[in-house]
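Worksheet for the structure shown next.
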Amino acid sequence: MKKSLLQKFLIASIFTGICTTNALAEHSFKLAYALSKDSHYGVAAHALEEKLDEIAPKEFKVEHFANSTLGGEREVIEGIQLGTIDAAIVSTGAVLNFVPQVGVFDIPFLFRDLQHARKVLDGKIGQDLLKEFEQRNIIALAWGEQGFRHLTNNKRAVKTPEDAKGLKIRTTENDVHIQAFKALGILATPMAWPEVAPALQQGTVDGQENPISVIVSMKLNQIQKYLSLTGHVYSPALVLFSPSFYNNLTPENQEKLKEATKVAVVAMRKYVDEVEASGVKTLKEAGMNVTEDVNRAAFAKIVKGIYPDYYKRYSKELIDSIANTE
37 MKKSLLQKFL IASIFTGICT TNALAEHSFK LAYALSKDSH YGVAAHALEE KLDEIAPKEF
97 KVEHFANSTL GGEREVIEGI QLGTIDAAIV STGAVLNFVP QVGVFDIPFL FRDLQHARKV
157 LDGKIGQDLL KEFEQRNIIA LAWGEQGFRH LTNNKRAVKT PEDAKGLKIR TTENDVHIQA
217 FKALGILATP MAWPEVAPAL QQGTVDGQEN PISVIVSMKL NQIQKYLSLT GHVYSPALVL
277 FSPSFYNNLT PENQEKLKEA TKVAVVAMRK YVDEVEASGV KTLKEAGMNV TEDVNRAAFA
337 KIVKGIYPDY YKRYSKELID SIANTE
């Protein structure tokens with residue numbers, strides 16, 4: 037059946053409108069993140085995009101690359117430095133290879149709760165540390181959030197350090213974490229995120245550790261039997277931009293991007309709050325064996341024994357200042 041003139045006009049108009057809208061976006065940028073669009077990273081990415089659409093219509097176009105489409109986090113950060121990737125939401129694990137000072141926030145049992153961590157990151161200590169990224173050709177606009185990390189595995193329920201001893205656990209490329217796991221007798225196995233699911237399924241590693249936000253959004257209950265609420269490390273995230281993209285913006289558009297990034301962080305934290313409240317119940321209902329009465333004091337006592345090493349790396353004064361923030 038032949039299309040009427042009106043139909044042809046409408047189709048042409050719609051197509052032209054789409055192309056014109058994309059063409060009118062003065063600044064198009066690639067935004068990479070390791071997790072799904074349904075995760076806290078994805079929620080933040082979409083909040084960033086929506087805010088830009090609101091305050092800078094037709095000026096920015098966000099291209100989402102979720103699920104490690106552009107590579108693992110270390111590769112993505114290198115892309116940020118080279119200018120082949122414009123923006124990313126990343127964990128702090130891979131960042132330590134570029135800005136080692138960030139590792140101070142990854143010290144186990146340093147933060148009391150989410151509010152404590154947020155106050156430090158939003159305060160002078162956290163904001164001063166963001167400035168350090170510029171020396172490594174990275175623009176760090178804000179601290180995001182993943183939550184407190186917990187242990188999952190396929191071998192046994194973990195309530196005490198003795199239960200965890202000997203487990204082969206996937207970790208990020210994070211020396212601060214790895215040192216603590218070794219002290220606990222855990223066989224830490226650094227591995228890029230895209231490799232984790234196959235490694236768990238094949239038994240290459242027994243388990244992994246991540247915040248509830250990741251465990252839920254990535255449906256790790258489908259390949260892990262046991263969850264222990266160890267809460268051993270607070271895990272921040274970072275919103276990064278390539279200087280080659282950011283420095284080509286007008287000061288006005290840089291401010292708009294900063295404003296949108298703040299909105300993204302609020303959305304990410306809200307997601308974490310909600311999933312921390314409901315995620316454990318969701319995982320239980322899905323059949324995961326959850327150990328809630330973990331002897332965290334016993335884990336903390338062992339890890340506190342290696343704090344002198346952390347003092348040498350980051351200074352006792354800084355660590356105490358973080359710990360004592362009210």
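If you're matching positions, the sequence shown starts at 37 in my numbering and goes up one per residue.
Ideal Cβ positions, reconstructed from N, Cα and C, are used throughout, including at glycine.
- Looking at the backbone, the Cα of Pro144 and that of Ala219 are separated by about 12 Å.
- When DSSP states are grouped into helix, strand and coil, Leu203 belongs to the coil group.
- Collapsing the DSSP output to three states places Leu71 in coil.
- Between Gly108 and Trp229, the gap from beta carbon to beta carbon is short of 8 Å.
- Contact between the region 266-279 and the region 97-111 is absent: fewer than three C-beta pairs spanning the two stretches fall below 8 Å.
- If you keep only unbroken alpha helix (DSSP H) runs of at least 4 residues inside the region 252-309, you get 279-282.
- Assignment of Ser351 by DSSP, reduced to helix, strand and coil, places it in the coil class.
- Apart from the 5 residues on each side of it in sequence, Leu88 sits with its Cβ closer than 8 Å to the Cβ of Glu95, Phe96, Val98, Lys292, Leu293, Ala296 in its chain, given in chain order.
- By a beta-carbon distance limit of 8 Å, Gly221 contacts Lys201. Their separation comes to about 4 Å.
- For the region 164-195, the full-length beta strand (DSSP E) segments reaching 3 residues or more read 175-189 along the chain.
- Taking 8 Å as the cut-off, the beta carbon of Gln215 is found closer than this to the beta carbon of Asp345.
- Collapsing the DSSP output to three states places Thr120 in coil.
- Inter-residue distance for Pro234 and Ala224 is about 17 Å (C-alpha atoms, whole angstroms).
- Taking the CA atoms as reference points, Thr361 sits about 14 Å from Lys352.
- Under the DSSP assignment, Ala235 falls in the alpha helix (DSSP H) whose first and last residues are 232-238.
- In this structure, Glu231 keeps its C-beta atom at 8 Å or more from the C-beta atom of Arg185.
- As DSSP reads the structure, Leu223 sits in a beta bridge with Lys204.
- Taking 8 Å as the cut-off, the beta carbon of Leu276 is found closer than this to the beta carbon of Ala176.
- In this structure the region 332-343 lies against the region 189-200, because at least three pairs of beta carbons, one per stretch, are closer than 8 Å.
- For Pro93, the number of other beta carbons within 10 angstroms of its own is below 16, and it is reported as exposed.
- Here Ser278 is near Asp122, since their CB atoms are less than 8 Å apart.
- Under a 10 Å Cβ-count criterion, Gly119 is classified as exposed, with fewer than 16 other Cβ atoms of the shown protein chains found around its own Cβ.
- The residues Ala68, Leu106, Ile121, Ala124, Val126, in chain order, have a CB closer than 7 Å to that of Val112 in the same chain once the five nearest residues on each side in sequence are set aside.
- Under DSSP, the beta-bridge partners assigned to His100 are Leu67.
- Distance between Leu236 and Lys255, taken at the CA atoms: about 13 Å.
- About 5 Å separates the Cβ atoms of Ala83 and Ala300, confirming a contact at the 8 Å cut-off.
- Counting other Cβ atoms within 10 Å of its Cβ, Ser64 stays below 16 and is therefore classed as exposed.
- Going by C-alpha positions, Leu166 is about 15 Å away from Asp142.
- If you compare the alpha carbons of Gln117, Leu132, Ile91, Lys298 with that of Asn283, the shortest gap goes to Gln117.
- By alpha-carbon distance to Val212, the top candidate from Ser264, Tyr350, Ala102, Glu85 is Tyr350.
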